[in-house]
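A quick write-up on the structure given underneath.
2 protein chains.
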Amino acid sequence: MPYRRTENVVRRLAEREQTILGAAQSIVGERGMGAVQIAAVARRADIAAGTIYRYFPSKNDLVAEVIAAAACRELVAMHAAGDGAPGPLSALAACVATFAARALHDRRLAWAIMAEPIDPDIDALRLNFRRAIAAELEMRISTAIADGHLPAQDVRVAAAGVIGALLEGLLGPLAPQAENAREAVQAMTLFALRALGVVDARARGLVAQCPLPANVVSGL
Amino acid sequence: MPYRRTENVVRRLAEREQTILGAAQSIVGERGMGAVQIAAVARRADIAAGTIYRYFPSKNDLVAEVIAAAACRELVAMHAAGDGAPGPLSALAACVATFAARALHDRRLAWAIMAEPIDPDIDALRLNFRRAIAAELEMRISTAIADGHLPAQDVRVAAAGVIGALLEGLLGPLAPQAENAREAVQAMTLFALRALGVVDARARGLVAQCPLPANVVSGL
DNA sequence: AAATCTCGTGAATCAGCATTCACTCGTTGC
DNA sequence: GCAACGAGTGAATGCTGATTCACGAGATTT
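In order, the protein sequence lines correspond to chains G and W.
Per our numbering, residue 1162 is the first one in the first sequence, and the count goes up by one each step.
Per our numbering, residue 1162 is the first one in the second sequence, and the count goes up by one each step.
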């Protein structure tokens, strides 16, 4: 009979794979995509460089998994936030605020994953992630338009614009550093809602009712 | 008497420097920052790789000059567009539309210069450019607020948000490719004005009066 | 316990690219 | 015309970082 992996070995392998992924992610979060080097990941995971290739066929595959995992977490959080809201506009506001709050919580990681280009292959993958995030927003926006809460507009462009505004306003190099995260999230959410056509006063009301950043961040 | 440069030689040197800068810029415009390699620039400029180092101490310095030149052109165009408008809100709209139209005209170049990170040193430089663009917008926004045309808001965040929305909505990977540039510019300008607090109807009016993209692009 | 088999290792290899430098050639000053 | 000088050259150098591989260690099977 051929060699077969013991239960124990399977677990150890799976654990190590997670260790590697975790090491890679923590490096991304601390120093950006550019700092993800096989040697560095290996060092942080406390294994040899070659070992990484027992788990991932290439560096790109490793990075891809890091991105995919983060993408999945964000999508779930956004979707849940929207579903929990009472109406279409509230759902939209919750969606935006959730994305903003979570991104702000892990600025560097979010920026690296959403916007920091490294390699054409990786960029293609990241594109899927962005598309998925955008699709979630588009869905909320479309619903709000259909219900007459927003003026008619090109949903694709609107969603992209909102994402761009959030990234740049909260994470980008121009964003005011640190200070009060909650205020920043609220300011950008307000900005985004107005951009989509909600009048100022109404938008302020919606923002005030949004779940607090502290809540949406849980489970990161 | 020591060697002295002839009038003729001086011109030739200056021309060649421009040739190199032009080659670098055209590569950025076609294939992004990542494609700017000394060998490639030299090939396009039809000179030897080593020659580039007679004109620029390092690749970073070369890239820096490409960025600075582009930044300067954009700032001048934006400023002029705003100054030519009849009122504060029109100026704001013209500023935004101009930025949008010009960016869209040279999508790749604009994206590369505004958003494509390569090297920490370069990033720092790009930051200045973004700050300058943002400052121009901030100035227009502040004026409009002071005149009571916009609700009070954090001008820094607002300007950053507008830039992010424009970049992402028009140039980013999610932006609908090609099609009608004029429409896209108008849609994003409308989006930005609403984001800043102009109500939909009024914003539409302002956008309709903006100079056409065809005009603002001249002189690129 | 012997025979296989996979895992982990890390030094060596390979590739891409910026940068250098010894050299050639056209200019300049006499 | 000729000696000095700086511009132009491009092959060689050097560095950085991903990927490979031959080997020793630990697991699994008989």
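Idealized CB from N, CA, C, for every residue including glycine.
When you compare each of the options to residue i by their alpha carbons, which one comes out closest?
i       : options                            : result
W:R1205 : W:P1218, W:E1191, W:R1215          : W:E1191
G:D1244 : G:A1232, G:C1233, G:T1259          : G:T1259
G:P1278 : G:Q1179, G:G1195, G:V1202, G:T1350 : G:G1195
W:P1337 : G:G1193, G:A1295, G:D1222          : G:A1295
G:P1218 : G:E1178, G:R1287, G:L1351, G:F1290 : G:E1178
W:I1181 : W:R1287, W:G1325, W:R1365, W:I1213 : W:I1213
W:D1267 : W:N1341, W:Q1347, W:L1332, W:G1183 : W:L1332
G:F1290 : G:A1307, G:A1232, G:A1326          : G:A1232
G:R1269 : G:G1309, G:L1351, G:G1366, G:G1193 : G:G1193
G:N1341 : G:A1364, G:R1363, G:G1309, G:L1265 : G:L1265
G:H1240 : G:R1215, G:E1297, G:Y1216, G:Q1186 : G:E1297
Within a Cβ cutoff of 8 Å, which residues of the same chain sit near residue i, ignoring the five residues on either side of it in sequence?
i       : result
G:L1357 : L1253, I1302, A1305, L1311, Q1314, A1319, V1323
G:D1284 : P1278
G:E1329 : L1335, A1336
W:A1201 : I1188
Answer with buried or exposed for residue i, where buried requires no fewer than 16 other C-beta atoms within 10 angstroms of its C-beta.
i       : result
W:P1281 : exposed
G:Y1164 : exposed
W:E1176 : exposed
G:Q1198 : exposed
W:A1348 : buried
G:G1325 : buried
G:A1345 : buried
G:L1288 : exposed
G:A1209 : exposed
W:A1307 : exposed
Got a sec? Which residues, its chain only, sit under 6 Å from residue i by beta carbon, not counting five neighbours each side?
i       : result
G:E1299 : V1316, A1320
W:Q1370 : none
G:V1368 : Q1347, T1350, L1351
W:L1327 : A1261, M1349
Going by beta carbon distance, what residues of the same chain come within less than 7 Å of residue i, once the five residues before and after it are set aside?
i       : result
W:L1174 : none
G:L1286 : A1225, I1228
G:A1242 : A1255, C1256, T1259, P1372, V1377
G:K1220 : I1199
G:G1309 : none
Using a Cβ-based criterion (distance less than 7 Å to any ligand heavy atom), does residue i qualify as near the ligand FAD?
i       : result
G:A1254 : Among the components modelled here there is no ligand, and therefore nothing to report on the ligand FAD.
Using 8 Å as the threshold, is the segment 1265 to 1277 of chain G in touch with the segment 1226 to 1238 of chain G, meaning 3 or more CB pairs across them?
yes
Between the segment 1247 to 1262 of chain G and the segment 1343 to 1359 of chain G, can you find at least three pairs of beta-carbon atoms closer than 8 Å?
yes
Check whether the segment 1164 to 1175 of chain W touches the segment 1236 to 1251 of chain W, counting contact only when three or more Cβ pairs, one atom from each stretch, lie closer than 8 Å.
no
How do the segment 1347 to 1356 of chain W and the segment 1340 to 1358 of chain G stand: do at least 3 beta-carbon pairs fall below 8 Å, yes or no?
yes
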